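Student:
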Ligand SMILES: [Zn+2]
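Residue numbers (our numbering): 2 to 272.
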């Protein structure tokens, strides 16, 4: 029987058999593991805090035939604000589902663990946690090699830095003179501000990832884009946010953006 000491985030926590609990733990070196918190009064009281959903803790585990059992743990950060707010809880649950799906199918990656840490921390504190969850999952797609192309036309490679007409089938935008190549495909219009925000999310260092200002209109476009990109790349529908809001249907390209948007299309860097 091996003993393992590791930091981990609780991605899911549910009852199992006779008052045990099973946890899905995201670890830096082992990836996503399932660990059992054994029942029993002493264990339950001692391990209560480290079996809470979204808690970040250091665990002492035993491993027998790749089954992990929790022996001890101490909380590093409990993120209580998440369980006290419906938006934060839905945001964290959505992001945790996507991160868990990726971690379950990939080799352990420390970068994924770090991205989750920054994202959860921001979900716990930001004014718009649901938007943070969406941007976090979009960055996750970038981290596993599914970056949208946002800076040049998929047909002629000409550089694009204004508003974009984005084609999901091609994974990138068409320039004005190649629009005919879309062949009737529905394109998603992105304002210059939304495209700029999405580029920031794809490439910013983690410490600055969530340091941006964006108008509600820019956020709405970026949110719709992220949801669709994540669902297409993961080949799965994610439904945990649908109770909170509804994204409008994707519309055919329109000539120009509403004038009031243009004033807010800037994306400024850290405060
Ligand atoms: Zn082109």
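Positions of the beta carbon are idealized from the N, C-alpha and C atoms, including for glycine. On a predicted model such as this, the values are computed, not experimentally measured, just so you know.
#1: Sorted by chain position, which residues of the same chain lie with C-beta nearer than 6 Å to residue 127's C-beta, five sequence neighbours on each side aside?
#2: Provide the residue span of the alpha helix (DSSP H) that contains residue 87, from first to last.
#3: What residues in its chain sit with their C-beta under 6 Å from that of residue 125, if we drop five residues either side in the sequence?
#4: How far does the beta strand (DSSP E) with residue 36 in it extend, from its first residue to its last?
#5: Between residue 285 and residue 110, what straight-line distance do the alpha-carbon atoms span, to the nearest angstrom?
#6: Considering just the uninterrupted stretch of the alpha helix (DSSP H) at residue 163, what are its terminal residues?
#7: Locate the alpha helix (DSSP H) running through residue 81, then write down its first and last residues.
#8: In whole angstroms, give me the CA-to-CA distance for residue 156 and residue 181.
#9: Relative to the C-alpha of residue 75, which residue among 8, 87 and 162 is closest?
#10: With respect to the beta strand (DSSP E) encompassing residue 59, which residues constitute its N-terminal and C-terminal limits?
#11: Who are residue 14's beta bridge partners in DSSP?
#12: For residue 95, which residues of its own chain have a beta-carbon under 7 Å away from its beta-carbon, when the five flanking residues on both sides are left out?
#13: Tell me the DSSP bridge mates of residue 189?
#14: Just tell me which of 141, 89 and 179 has its CA closest to the CA of residue 203.
#15: Quick one, which of 53, 136 and 70 has its alpha-carbon nearest residue 207's?
Tutor: Let me lay it out:
#1: As a position in the chain shown, residue 127 is number 126, starting the count at 1. Contacts found: 133.
#2: Taking the first residue of the chain shown as 1, we reach residue 87 at position 86. Start and end: 87-106.
#3: For the purposes of this step, residue 125 is taken as residue 124 along the chain shown, with counting starting at 1. Excluding sequence positions up to five before and after residue 125, its CB lies within less than 6 Å of the CB of 80, 82 and 83, all in the same chain and listed in chain order.
#4: As a position in the chain shown, residue 36 is number 35, starting the count at 1. Here the beta strand (DSSP E) through residue 36 covers 32-38.
#5: The shown model of the chain, from 2 to 272, leaves out residue 285, and the question about it has no answer.
#6: Here residue 163 is taken as the residue at index 162 of the chain shown, counted from 1. Judged by DSSP secondary structure, residue 163 falls outside any alpha helix (DSSP H); it is assigned neither H nor E.
#7: In the chain shown, residue 81 corresponds to position 80, counting from 1. 81-84 is the span of the alpha helix (DSSP H), which, as asked, contains residue 81.
#8: Position 155 of the chain shown, counting from 1, holds the residue named residue 156. Position 180 of the chain shown, counting from 1, holds the residue named residue 181. Our two residues, residue 156 and residue 181, have alpha carbons roughly 11 Å apart in a direct line.
#9: Numbered from 1 along the chain shown, position 74 holds the residue referred to as residue 75. In this structure, 8 is the residue among 8, 87 and 162 with its C-alpha nearest to the C-alpha of residue 75.
#10: Within the chain shown, the letter at position 58 stands for residue 59. Counting along the chain, the unbroken beta strand (DSSP E) around residue 59 starts and ends at 57-65.
#11: Numbered from 1 along the chain shown, position 13 holds the residue referred to as residue 14. Paired residues: 24.
#12: As a first step, residue 95 is located in the chain shown; it is residue number 94 there, counting from the start. Here residue 95 has 134, 239, 241 and 242 as same chain residues with Cβ atoms under 7 Å from its own Cβ, once five neighbours each way along the sequence are excluded.
#13: Residue 189 sits at position 188 when you count from the first residue of the chain shown. According to DSSP, which records beta bridges pairwise, residue 189 is partnered with 167.
#14: For this step, residue 203 is matched to residue 202 along the chain shown. Selected option, being the one with the closest Cα: 141.
#15: Mapped onto the chain shown, residue 207 falls at position 206. It is 136 whose Cα lies nearest to the Cα of residue 207.
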